[in-house]
Each structure stands twice: as C-alpha cells, then as structure tokens.
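Q:
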Amino acid sequence: MNPSEKLPEKKSSPQKSGLKNYVKYSGIAFQMAGILLVGVFGGRKLDQYLQQDFPLFTLTLTGIAFVGAFYILYKQATSK
Numbered sequence: 132m133n134p135s136e137k138l139p140e141k142k143s144s145p146q147k148s149g150l151k152n153y154v155k156y157s158g159i160a161f162q163m164a165g166i167l168l169v170g171v172f173g174g175r176k177l178d179q180y181l182q183q184d185f186p187l188f189t190l191t192l193t194g195i196a197f198v199g200a201f202y203i204l205y206k207q208a209t210s211k
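132 is the number of the first residue of the sequence shown in my numbering; add one for each residue after it.
1. Short check: CB of Leu177 to CB of Phe185, under 8 Å?
2. Can you tell me whether Gly170 is buried or exposed, with buried defined as 16 or more other CB within 10 angstroms of its CB?
3. Just reading off the alpha helix (DSSP H) that Gln183 is part of, what are its end residues?
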C-alpha cells in the first residue's frame, strides 16, 4: 500500500456513541458511590475502634471522600 493512500475513516454510529457515553458515565457513578462508601464505612469503623462518642472520623472521611469523588468526576467528565 502506498503511504499517500488514505485508509477510509471509521465513522461511529450515533447508537454506538450513545452507548459509549452511557458506559462512561455509569462507570463514573459507580466510582463515586464506591469512594463515598469507603469513606463512610471506614470512618464508622475507625470511630467504633477508637470508641469515639462524636463521629469525628466518619464526618472527616466522608467529607474527604466527597471532595475526592467530585474531583474524579470533574477530571473524567472534562477528559475526552
């Protein structure tokens, strides 16, 4: 094949494009849920282990997980 010859470009159908977006954003949702669950349950277990009256670690780790989840959402939503 001559290098000057161009290969035909593959065009994705609108149906494949929609499915690709669905899978992408569904994955982001599951990642966010997983991060938040790790923060909540990790904080609860740490509070129970240290026998805290006030749920300090639950609130702290949940807040950190919330910020982290939205940071990941932002990074993945803005990337191509």
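Just so you know, even glycine gets a beta-carbon here, dropped at the ideal spot from N, CA and C.
A: According to the structure shown:
1. Here residue 177 refers to the residue found at position 46 when the sequence shown is read from its first residue. Here residue 185 refers to the residue found at position 54 when the sequence shown is read from its first residue. Contact: no.
2. Position 39 of the sequence shown, counting from 1, holds the residue named residue 170. Answer is buried; the Cβ neighbour count reaches 16.
3. What you label residue 183 is simply residue 52 of the sequence shown in a count that begins at 1. Taken as a continuous stretch (DSSP letters only), Gln183 belongs to no alpha helix (DSSP H), as it is neither H nor E.
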